[in-house]
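Numbering (this note's numbering), first residue to last: 1462 to 1591.
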């Protein structure tokens, strides 16, 4: 199954990085499933995650997936944007805290945090615990 969203992400990647890009990999990846051999996990340097905290039953799957793609001993930058929706979000962050430290991003462009903060969006930097 190929998603229109994946097609849009590939188009954005080509527009921003050109046709010969080999540093950004766009693929479907279901939380909780084993990492596909199509995903070059040894080459991952940065993970961008946005609006992932929305389904409480999926929280353990999301944490497992983040652990799988950011294994112990490998330094990977994770930028995690989320929109606080309900108190159940606290359960996700409690599960996440077992494996990652987190800190709010404070070094973005002046005025950016205020702009997205007004929309209820928070941006965090996650680091895998040793």
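Using N, Cα and C, we set each Cβ at its ideal position, and we do this for glycine too.
Please read all numbers here as calculations on a predicted model, not as lab measurements.
Check the DSSP bridge columns for residue i and list the partner residues they point to.
{"i": "residue 1526", "result": "The partner list for residue 1526 (beta bridge, DSSP) is empty, contrary to what the question assumes."}
{"i": "residue 1543", "result": "1583"}
{"i": "residue 1508", "result": "1539"}
{"i": "residue 1565", "result": "1585"}
Between the options, which lies nearest to residue i when the distance is taken from Cα to Cα?
{"i": "residue 1485", "options": "1504, 1514 and 1494", "result": "1504"}
{"i": "residue 1588", "options": "1499, 1488, 1563 and 1502", "result": "1563"}
{"i": "residue 1566", "options": "1575, 1530, 1514 and 1480", "result": "1575"}
{"i": "residue 1550", "options": "1475, 1518 and 1506", "result": "1518"}
{"i": "residue 1666", "options": "1527, 1475, 1469 and 1590", "result": "Lying before the first or after the last residue shown, residue 1666 is absent from the chain, which here runs from 1462 to 1591."}
{"i": "residue 1514", "options": "1548, 1478, 1464 and 1475", "result": "1548"}
Using a Cβ-Cβ cut-off of 8 Å (strictly less than) and excluding sequence neighbours within five positions of residue i, which residues of its own chain qualify?
{"i": "residue 1545", "result": "1581 and 1583"}
{"i": "residue 1472", "result": "none"}
{"i": "residue 1569", "result": "1584"}
{"i": "residue 1497", "result": "1488 and 1490"}
Assuming the contact rule is C-beta atoms closer than 8 Å, residue i and residue j should be a hit. Round their C-beta distance to whole Å, please.
{"i": "residue 1492", "j": "residue 1467", "result": "Going by Cβ atoms, the distance from residue 1492 to residue 1467 rounds to 15 Å, so no, they are not a contact pair."}
{"i": "residue 1560", "j": "residue 1535", "result": "In fact, because the Cβ distance is near 13 Å, the residues do not count as touching under 8 Å."}
{"i": "residue 1556", "j": "residue 1521", "result": "6 Å"}
Checklist entry - With a cut-off of 8 Å, do at least 3 Cβ pairs link the region 1501-1510 to the region 1525-1542? => result Contact between the region 1501-1510 and the region 1525-1542 is present, because at least three Cβ pairs lie under 8 Å.
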